[in-house]
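For what it's worth, this note's numbering labels the leading residue of the sequence shown as 52, then goes sequentially. Before any comments, here is the structure.
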Amino acid sequence: MKVLVEMSSTISLMRKVNSGVCCLKTMLALKKDKKDEESHSGAHFTSNCDRTTVLQEARQFNETPINARKCCTTLTKLLYLISQGEQLSRKEATDAFFSITKLWQSNDVVLRRLVYLTIKELASLADDVIIVTSSLTKDMTGKEDIYRASAIRALCKVTDSTMLQAIERYMKQAIVDRIPAVASAALVSTLYLMKKNPDCIRRWTSEIQEATNSDNPMIQFHGLAVYYEMRKNDRLSVVQLVQKYSKQCSRSAFALCYLIRIALKLIEEDEKGRDTGTLLDFVESCLRHKSEIVVYEAASALLRLPNITSKELSSAISVLQLFCSSSKAALRFAAVRTLSSVAGIYPAAVAACNVDLEQLISDPNRSIATLAITTLLKTGAESSVDRLMKQISSFVSEISDEFKVVVIDAVRSLCVRYPKKSTVLLSFLSNMLRDEGGFLYKKAIIDTIVWIIEENDEAKEPGKKRFYEAEAVDDNLNFISSAGLVYLCEFIEDCEHVTLATKVLNLLGKEGPKCSNPRKYIRFIFNRVLLEPPPVRAVAVTAMAKFGVCQSLRADVVTLLQRCLLDSDDEVRDRATFYSVLFSTNNLKLYDELITGNLNVSPSLLVRALREYCSSSSPKFEPFNLNSVPQSPLPIGVQRKPSLTVDVVPASVKPEKGLKSREENYEEQLHQIEQFAKFGRLFKSSAPLELTDAEVEITVSCVQHMFLEHIVFQFECSNTLNDQILSNVVVHVKPSSKRWKQVTEIPCEIIRNNDSGFTYVAFQLPRDADILPATFSCVMNCTIKDSEDDITDYADEYPLEDLELGVNMQVKPMMKMNFNAMWEDLDGNAEVACTYSLPGYGSIQDAIDKILDCLGMAPCDRSEKASKNKSAHVLLMAGMFRTGSMLAAQAKLALAPSGIINVNLSVRSEDELAVAMFKSVFLCFICMSVCLISLGDAGDKCVSGRGKLICKRNPKAVDTTEIRLWDKDGSIVLGMFDPDDLMGIGVPEDDGRFVIDGCASDRDWLPFWKNDPDPYLEIRHTCRLSYGETFHIEGPLIKFLPDNTDFGVIDLDVPN
């Protein structure tokens, strides 16, 4: 018994010893791990993160057992390198990919999810990535929910279009899965797969609709995004989508925000206002939503609308005003950022928030304070400018360059409103110019100072004489221009940016000679010749030569140019030699043409024209004509309308280099066609004009190309049909006058689905001058079949909108620096003058824009802007006729007390044909003004009708039918000024019945002749043709109230 007791005590002692040893081992292990963590805690993992090291560390993926912690660190480094733009070779990416596949043996959750992320990134870099498809499919359909969502994303990244059908069944199940994360991952992956195989994704419509109707907000949002991508090419379906889900998505704030953006896009594209009312009601209703995200999105969308009413504007501004006093910094920032962006457009409306914006100046978030001050600068009174500038100067050095640019843009808008404050603002800009900053920051300041000097009325020279015609220039030069030039001279003394230095030198050469003491600027310019790189030195020589036009400075400038003849750069020496020889001629007219003039042509087209002139084998009886070279337009990729408004946070996007101009692209395309090569040089091309509605499945647009004696109509036909092919596509064009002779017609042989093709029609221009404006009716004919090998096909005819050829296609705008000299040179040549009236324009500025658009000429001497407080203005225009002769025009506009604008227009040209053409256009203007002045309102007439639609061939087509009631207004020529008015819209019910109401009013052309509206019913349907057709009902069948109109049963199966 004693032995048993001793043995038991010994065993218990041994157990204690073993447990102590185990505890000691555990403590040592924990201590070691803690030591490792402390050793790495001071250094970030990216400190030793280069490609070679990481790829060597990736070899540990092949070790057994797998160290999950080290593998996670290595994968994190690899993902970091890829995100930073590190380029892996094909072999390196493939080796790393296959090493990563061995990590599937580990069950560590963090490691597995990192494996999914890395496979997604390497899918496009490595070879044979398809090998992991089975493993990803297993994880996607497995029981571990934490793996499924990540596996779906990785699988869709690896799968190509040919293998999509293999996982189609699994993707459909995942879209309707009970786990929200899995369903959302499947929907987001569907968006990616739609780019690879859209036809396969369209078969998942039922599952996607089920997801869109889900109770989960995120699933609803993602489902809506997928459903929209599937239907975005069908406008009617998108409108119905917004109307349907605007009531069902009330639980998902993200889905409602997405619907608001879709509605905004539809409103912007709806030029005829068909669905604008319904969509606007939906956006306005979102202003009363309980979610702050939805309310802000709706307010922001309303402010982005092009034609917003005062009611909509005030409601959106009121919402943002409430957000300005929110306790959430994100809401305050969003509200003040939006108010700042629209303050330049609606300053009076935003001014109502000035009290709340004043409180945000002291906001601890400097971004909010900066935006608040810039908004107040745009809306505040002139008396508060000094105080606001002093406040923002106190912390402008603490904000980033991005928000400094915002401040600079606000200063520019402030100069527009209060020109007399330009001195204070220039001083503020000069102080900012001395601070450190990047290129975009400095460029914004320079652009604003240059704008103040060139555009601000307070900074312009009051004298009207040419600066070389008088020895003493007017001493009354505004102080603002002189101070601005001095600030810029100080800046280029220590400027490291070549672009900014050359821009300042160009401005000094343009504005410096006009100053009362131009000699003081020559020193700054000549310093650039001594100290700067060759590009700046060359521009400095040109700027210095412009000062030599002044007779008192000519001798000194010639002396400085002689010193530049020994420069090491060829361009600098050539410019100095050219100007030195030019000054020795003492020819003032040459000074005006070659020094102070502007060569406004495309350089690439000029080089091409010179090469063609030199390489031509024909004898050179005539000198090279510079006017035949097209003027310099914007590249097609960067064309945009000029605007005074600026973005709140400007994007640092550099313009693309090497973009060809519009004339170059079109000329290359047309010269490759044998029939058009003999037409000669392309004179002008118009912007594309849509001849069909955007929602139809076969769209046609037209571009007009004007040559010396021919006009070419280029039609682009787009086929959005999924299962039909168009062949032998041709557009038949019929002119309104028999004097137009068609010389060629080029059809398009085939246009496959989701593709486009071109067809051409060319006419010879009549020799008569009274051919404009001309109208051309267009009809597209084609053959439709299901496939290229299909024997069965049928011909179809598709009417298009009419084309109008105006005088602006025969005139090219030409910028002229000195219009008075050009007008005097054309004195004694052919001239025509006319006086007519322009009723219906709100201001002289609107009439100026209309005249420039109709005549196609360029404004000169900044005469395109009319003062708001003046009732008279003179518009100066210059252009070139298609024959190469110059055109000059003066338009004197006067606003009568009755609101009618009277215009006296005079045109001079060397070409009698051009003057005769304008004479015929003036006759049209006179007839139109007489007709419009005598119009009287006939009062409203209303129509109320009902009917029923049937379609036996495709009953579902009735649901998507559009029913509209229009008032026909005038013929084709008058239709340009008074288009058809929309009276009402009808929606068919399930059984095809519809009710439509609407009112319209026409004007009486003559006092003794009552002019009632001419209503007609337009029905657009897809009953017979998948791409749609239009059905019209007009005539005595439609009656005005109190009589009701019964349209009866309308059979859509019967051709119109």
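Glycine included, every Cβ here is placed at the ideal spot set by N, Cα and C.
Can you check DSSP and say which residues form a bridge with residue i?
i	result
Ser957	Ala884, Gln941
Arg1044	Lys999
Pro910	Met928
Phe764	Gln755, Val812
Cys993	Cys1050
Leu1017	The amino acid at residue 1017 is misidentified as Leu; the sequence shows Trp. Bridge partners of Trp1017: Leu1033, Tyr1067.
Glu1085	Tyr1067
Thr499	For Thr499, which the question treats as bridged, DSSP gives no partner whatsoever.
Asp847	Cys833
Val750	The amino acid at residue 750 is misidentified as Val; the sequence shows Thr. Paired residues: Ser769.
Tyr792	Note that residue 792 is Lys in the sequence shown, not Tyr. Paired residue(s): Gln815.
Compute the Euclidean distance between the alpha carbons of residue i and residue j, then round it to the nearest angstrom.
i	j	result
Met269	Ser235	7 Å
Cys833	Cys375	59 Å
Ala109	Asp486	47 Å
Phe870	Asn637	23 Å
Leu685	Asn264	Any answer about Leu685 is weak, because its pLDDT of 38 lies below 50 and its placement is not dependable; what the coordinates show is given next. Rounded to the nearest angstrom, the two C-alpha atoms are 47 Å apart.
Gln602	Ala432	46 Å
Phe1045	Leu275	29 Å
Val401	Lys921	27 Å
Ser157	Asn118	9 Å
Gln111	Thr145	16 Å
Ala591	Asn557	8 Å
Ile252	Arg282	12 Å
Leu815	Arg662	Inspection of the sequence shows that residue 815 is occupied by Gln rather than by Leu. One C-alpha to the other measures close to 28 Å.
Lys1019	Leu1088	15 Å
Ser257	Gly193	24 Å
Ala942	Leu759	27 Å
Ile368	Ala386	9 Å
Glu335	Val290	16 Å
Leu1016	Arg286	19 Å
Asp1104	Leu1000	10 Å
Glu1113	Leu877	Past the edges of the chain, shown from 52 to 1107, lies residue 1113, and the structure says nothing about it.
Lys992	Asp1031	15 Å
Arg614	Thr628	10 Å
If distances are taken between C-alpha atoms only, which option among the options comes closest to residue i?
i	options	result
Leu956	Glu963, Ser936, Leu964, Leu926	Leu926
Glu453	Asp414, Lys494, Met440	Lys494
Leu742	Ile724, Phe734, Phe764, Ser736	Phe764
Leu206	Ile226, Ser185, Lys223	Ser185
Tyr397	Arg468, Ile646, Glu143, Ile313	Arg468
Met1034	Phe1045, Ile1014, Arg1044, Thr421	Ile1014
Leu371	Asn358, Val345, Pro357	Val345
Ile230	Ser201, Pro564, Tyr717, Thr256	Ser201
Arg102	Lys121, Cys122, Leu130, Cys123	Leu130
Arg959	Lys970, Gly950, Leu428, Glu718	Lys970
Val293	Phe333, Asp460, Ile1001	Phe333
Asp1010	His1072, Ala967, Ser995	His1072
Arg818	Met831, Lys785, His761	His761
Ser418	Glu767, Met222, Ser451	Ser451
Q | Unbroken stretches of the alpha helix (DSSP H), 4 residues or longer, contained in the stretch 242 to 277 | A | DSSP assignment within the stretch 242 to 277 yields the following whole alpha helix (DSSP H) runs of 4 residues or more, N-terminal first: 249 to 252, 256 to 263.
(Q) If contact is defined by three or more beta carbon pairs under 8 Å, each pair taking one atom from either stretch, is the stretch 789 to 800 in contact with the stretch 859 to 872? (A) The answer is no - the stretch 789 to 800 does not touch the stretch 859 to 872, with fewer than three Cβ pairs under 8 Å.
(Q) Under 8 Å: do the stretch 1063 to 1070 and the stretch 1002 to 1009 share three or more Cβ pairs, one atom per stretch? (A) Short answer: they don't touch.
Q.
Taking contact to mean 3 or more Cβ pairs, one atom from each stretch, closer than 8 Å, check whether the stretch 131 to 139 and the stretch 159 to 166 are in contact.
A. Verdict: no, contact absent.
Q. Any contact of the stretch 923 to 940 with the stretch 903 to 913, i.e. 3+ C-beta pairs under 8 Å?
A. Using a Cβ-Cβ distance cut-off of 8 Å, the stretch 923 to 940 and the stretch 903 to 913 are in contact, since at least three pairs of beta carbons, one from each stretch, lie closer than that value.
Q: Spell out a yes or no on whether the stretch 381 to 391 and the stretch 407 to 415 are touching, meaning 3 or more CB-CB pairs, one atom from each, closer than 8 Å.
A: Contact between the stretch 381 to 391 and the stretch 407 to 415 is present, because at least three Cβ pairs lie under 8 Å.
(Q) Report the start-end ranges of each alpha helix (DSSP H) in the stretch 186 to 238 that is 4 residues or longer and not cut off at the edges. (A) Qualifying alpha helix (DSSP H) stretches, in chain order: 196 to 209, 219 to 226.
Q. Can you find at least 3 beta carbon pairs, one from the stretch 352 to 368 and one from the stretch 310 to 321, that sit closer than 8 Å?
A. Yes, the stretch 352 to 368 touches the stretch 310 to 321.
Q.
Could you tell me which whole alpha helix (DSSP H) segments of length 4 or greater appear in the stretch 577 to 621?
A. Restricting attention to alpha helix (DSSP H) runs no shorter than 4 residues, the stretch 577 to 621 encloses them at 585 to 598, 602 to 614, ordered along the chain.
Q | Meets three-Cβ-pair contact criterion under 8 Å: the stretch 825 to 832 and the stretch 728 to 740 | A | Flag = no, the stretch 825 to 832 and the stretch 728 to 740 do not touch.
Q. Can we say the stretch 331 to 342 touches the stretch 298 to 312, given the rule of at least three CB pairs closer than 8 Å?
A. The way I'd put it, the stretch 331 to 342 does touch the stretch 298 to 312; three or more beta-carbon pairs between them come closer than 8 Å.
Q. Using 8 Å as the threshold, is the stretch 803 to 813 in touch with the stretch 844 to 855, meaning 3 or more CB pairs across them?
A. The stretch 803 to 813, when compared against the stretch 844 to 855, does not touch it at the 8 Å Cβ threshold.
Q) Just checking, does the stretch 435 to 443 make contact with the stretch 473 to 485 on the three C-beta pairs under 8 Å criterion? A) Touching, yes.
Q) So does the stretch 773 to 792 actually touch the stretch 890 to 902, counting three or more Cβ pairs closer than 8 Å? A) Under the Cβ criterion (8 Å, minimum of three pairs), the stretch 773 to 792 does not count as touching the stretch 890 to 902.
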